[in-house]
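So the structure is just underneath, and the comments pick up after that.
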Amino acid sequence: MSTKSARILAGVAAVALAAPMATSGIAQAAPSTGEAPKILVKDLPGPLSTAVAGDGTAYVTANFAGMLWKVPDGGAPELLYQASEKGAEVGGVSVQGAKVVFTYTGQTHARVMSITGGAAPKVMANTRSYEKQNNPDKKRTYGILGLTASCKAKLPKQFAAFLKPYAGVVDSHPYATEQDGNTTYLADAGGNDILSIANDGTISTVAVLPRVKVRLTKARVKAAGLPACTTGHSYALEAVPTDVELGPDGWLYVSTLTGGPEDGSLGAQSRVYKVNPATGRVVKIAVHLISAVNLAVAGDGDVYVSQLFGGSIIRIPAGTGRKVPFAQVNMPAGLEFTDTGLYATIDALKGTKTPRGKLAFIPFAP
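For the sequence shown, the residue numbers in mature numbering (1 follows the signal peptide of the UniProt record, and there is no 0) are -29 to -1, 1 to 337.
If you want it as structure tokens, here you go:
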């Protein structure tokens, strides 16, 4: 795993110290009933993604244990895949028909993989190789801009590499997938981009996500522990995609972290974008979110977003940037929309020696 990917996961972990059928029809979004979530699976280590098939079968990843679980509707969980490499991360699950796609990130590998029916797992694409050859965000400059040499020398040494201006690094951390016919879309949290993968494994860049520029006020400088000389400068943060979902309008919806602190010291800087898969055009639709780590799109275009450290799932009504409360849950991560409610992973980072992550179902109000 790369330095940046490991840094993001480490930062996330440090801060933490029978359900209805899915559908892709024109279901309408709705508020939650306020009932306690129905727990489907518990004691998962780092469940950060989930997907639901048309027959009600759910899939959930235990990212930190390198596991992918299958949960038949009303049945007991079955282990579908286990990474053999110690410390490897498995995540980004999506399902279309009999094909289950997921991501694999290890010390030397970054891949998108698939399991179709009862067949053996196979590698669909090598995203690390693509990143090495292309590095789509190589022309982007990140870090605190316009600093003098003397000010750069005062930056905290342990973070200086990510505070001083730097170009987009070679890094692939495949994090979330979405299937659409013969194409799989990938949110690469290392490359800061959205990629498309054809059935033959050919990878193309759909879009590089825009930087998030934060003005360093005195309050933010103090909260982040930065030297006073950085006050007034812009901090260009990486846009780290955490999920990608296809909306009813044919656009891809993307949730993002910033690659910077998610503890609020720089404000709530997570965002949601939509991306035209044909042209690569990126449109910002919601700002000032707290650690947006996943989303789900309803048939009417409403977008649900999980705020990991905000302890909530919000709804963004279609065509607006408004944030409407949907459910208060502890450490929500993966989300999946169905006609009658949301599948969500909760307590996603709870427990260290004894994991406490869960897959739950949150029903919509009648």
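C-beta: ideal position from N, C-alpha, C; glycine also.
Measure the C-alpha to C-alpha separation of residue i and residue j and round it to an integer number of angstroms.
i           : j      : result
Leu50       : Thr176 : 32 Å
Pro337      : Arg99  : 46 Å
Ile317      : Tyr30  : 14 Å
Thr201      : Ala169 : 45 Å
Gly251      : Val225 : 13 Å
Leu90       : Thr119 : According to the sequence shown, residue 90 is Ala rather than Leu. Cα to Cα, the separation comes out at about 58 Å.
Phe133      : Asn265 : 25 Å
Phe332      : Pro8   : 5 Å
Ala124      : Ala47  : 56 Å
Gly272      : Gly290 : 8 Å
residue 341 : Gln129 : The structure shown does not extend to residue 341, since the chain is modelled only from -29 to 337, so the question has no answer here.
Ala(-3)     : Gly25  : Per-residue confidence for Ala(-3) stands at a pLDDT of 45, beneath the threshold of 50, marking its modelled position as unreliable; no derived number is given.
Pro212      : Ala158 : 6 Å
Ser(-28)    : Gly27  : Because Ser(-28) carries a pLDDT of 46, less than 50, the predicted location of this residue cannot be relied on, and no value is offered for it.
Thr325      : Asn34  : 15 Å
Arg293      : Gly231 : 24 Å
Ala298      : Ala315 : 11 Å
Lys135      : Thr188 : 17 Å
Ala59       : Pro92  : 16 Å
Tyr156      : Thr74  : 12 Å
Ser55       : Leu217 : 31 Å
Glu233      : Thr154 : 32 Å
Leu39       : Asn106 : 29 Å
Asp310      : Asn247 : 25 Å
Ile10       : Asn163 : 33 Å
Val274      : Lys57  : 36 Å
Pro219      : Glu6   : 28 Å
Taking its Cβ as the centre, do 16 or more other Cβ atoms sit within 10 Å of residue i, making it buried, or is it exposed?
i           : result
Gly328      : buried
Val254      : exposed
Val94       : exposed
Gln150      : buried
Ser262      : buried
Arg242      : buried
Phe335      : buried
Gln104      : exposed
Asp14       : exposed
Gly152      : exposed
Glu102      : buried
residue 344 : The structure shown does not extend to residue 344, since the chain is modelled only from -29 to 337, so the question has no answer here.
Ala131      : exposed
Under 8 Å, do residue i and residue j count as touching if we go by C-beta distance?
i      : j      : result
Pro198 : Leu116 : no
Leu313 : Ala249 : no
Leu180 : Tyr244 : yes
Leu330 : Val23  : no
Ala257 : Ile284 : no
Gly139 : Asp108 : yes
Thr173 : Val83  : no
Ala195 : Ser143 : no
Ser20  : Gly305 : yes
Ala210 : Pro145 : no
Leu223 : Ile165 : yes
Gly282 : Asn301 : yes
Measuring alpha carbon to alpha carbon, tell me which of the options ends up nearest residue i.
i           : options                           : result
Val295      : Gln278, Gly305, Thr311 and Asn301 : Gln278
Val161      : Val141, Asp151, Asp171 and Gly305 : According to the sequence provided, residue 161 is Gly. The question's Val does not apply to it. Among Val141, Asp151, Asp171 and Gly305, the Cα nearest to that of Gly161 is on Val141.
Ala269      : Gly221, Gly231, Gly281 and Pro232 : Gly221
Glu307      : Asp171, Val66 and Gly281          : Val66
Val215      : Lys70, Gly77 and Leu228           : Leu228
residue 338 : Leu208, Arg191, Asp310 and Asp171 : The first residue shown for the chain is -29 and the last is 337, placing residue 338 beyond what the model contains.
Gly203      : Ala190, Ala210 and Val211         : Ala190
Pro303      : Glu56, Val276, Thr311 and Met38   : Val276
Lys193      : Val300, Glu102, Thr311 and Gly238 : Gly238
Asn97       : His259, Glu56, Asp171 and Thr188  : Asp171
Ala178      : Thr311, Arg111 and Met38          : Arg111
Gln240      : Pro219, Arg182 and Val274         : Arg182
Just checking my contact of residue i with residue j at CB under 8 Å: how many whole Å lie between their CB atoms?
i      : j      : result
Ser167 : Arg186 : About 34 Å; that fails the 8 Å criterion.
Gly45  : Ala69  : With a Cβ gap of about 20 Å, Gly45 and Ala69 do not count as contacting.
Leu320 : Gly77  : Wrong, their Cβ atoms sit about 21 Å apart, outside the cutoff.
Val61  : Thr32  : 5 Å
Tyr137 : Ile86  : Wrong, their Cβ atoms sit about 38 Å apart, outside the cutoff.
Does the beta carbon of residue i come closer than 8 Å to any beta carbon on chain D?
i      : result
Asn153 : Of the protein chains in this structure there is only one, and it is not chain D.
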